[in-house]
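This report refers to the structure that appears directly beneath it.
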Amino acid sequence: MILLDNFDKNIDFNYPNKDYFVKLKNLKWNKEAKKLLNKIENVYNSYRKTYSDEVFDENPDDGYPFTMGSFAAVSWKSLILLTGCSAVNNGKDVMGFDDVVCAFQTYFKLLNLINND
Numbered sequence: 001m002i003l004l005d006n007f008d009k010n011i012d013f014n015y016p017n018k019d020y021f022v023k024l025k026n027l028k029w030n031k032e033a034k035k036l037l038n039k040i041e042n043v044y045n046s047y048r049k050t051y052s053d054e055v056f057d058e059n060p061d062d063g064y065p066f067t068m069g070s071f072a073a074v075s076w077k078s079l080i081l082l083t084g085c086s087a088v089n090n091g092k093d094v095m096g097f098d099d100v101v102c103a104f105q106t107y108f109k110l111l112n113l114i115n116n117d
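This is the structure:
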């Protein structure tokens with residue numbers, strides 16, 4: 001939460017305290033940043049629908065071993081949390097564009113989709 005996309009670095013840091021979580025709870029959205037996140041969500045959902053349609057197209061009665069929607073919902077909540085953490089870490093009370101970008105960088109790094117080495 002504190003290190004965000006530096007989570008894999010060997011850095012000393014202070015753990016979040018109660019004030020950190022209070023600030024996180026009281027955050028607001030910058031309108032344009034929220035629009036950006038909503039646009040990304042719409043693109044992602046249209047991709048996910050296309051992908052799931054292709055998966056189930058051949059044998060729709062075979063089922064699938066996990067619910068794709070539940071992973072997407074948890075992922076989206078994680079992105080919102082990471083966006084908020086970025087704002088709090090930068091001393092802001094409003095989540096902005098840079099916080100959304102930082103959240104996605106952290107998320108993709110967690111999924112090992114971005115390798116900066």
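According to the numbering used here, the sequence shown is numbered sequentially starting from 1.
Beta carbons are placed, not taken as given, at the ideal position from N, Cα and C, and that holds for glycine.
(message) Tell me which residue opens and which closes the alpha helix (DSSP H) that Tyr-15 is part of.
(response) Here residue 15 corresponds to residue number 15 of the sequence shown, with the count starting at 1. Counting along the chain, Tyr-15 falls outside any alpha helix (DSSP H), and DSSP gives it neither H nor E.
(message) Judging by CA-CA distance, which residue of Gly-96, Trp-76 and Gly-84 is the nearest neighbour of Glu-41?
(response) Within the sequence shown, the letter at position 41 stands for residue 41. Checking every option, the nearest Cα to that of Glu-41 belongs to Trp-76.
(message) Can you find the residues in the same chain that come closer than 6 angstroms, C-beta to C-beta, to Leu-79, ignoring five residues on each side of it along the sequence?
(response) Within the sequence shown, the letter at position 79 stands for residue 79. Answer for Leu-79: Ala-103 and Tyr-107, listed in chain order.
(message) For Leu-37, which residues in the same chain have their Cβ closer than 6 angstroms to its Cβ, ignoring the five residues on either side in sequence?
(response) As a working mapping, residue 37 is identified with position 37 in the sequence shown. For Leu-37, where only same-chain residues beyond five positions count, the Cβ hits under 6 angstroms are Val-100.
(message) On the CB-based measure, 16 or more other CB atoms within 10 Å of its CB, does Gly-96 come out buried or exposed?
(response) To locate residue 96, count along the sequence shown from 1; it is residue 96. Flag for Gly-96 reads buried.
(message) Quick check on the DSSP output: the alpha helix (DSSP H) that includes Asp-93 runs from which residue to which?
(response) Residue numbering aside, residue 93 sits at position 93 when the sequence shown is read from its first letter. It is not in any alpha helix (DSSP H) - Asp-93 carries neither H nor E in the DSSP assignment.
(request) Let me know if Ser-86 comes out buried or exposed under the rule of 16 or more other beta-carbons within 10 Å of its beta-carbon. (result) Residue mapping note: residue 86 aligns to position 86 of the sequence shown, counting from 1. Burial call: buried.
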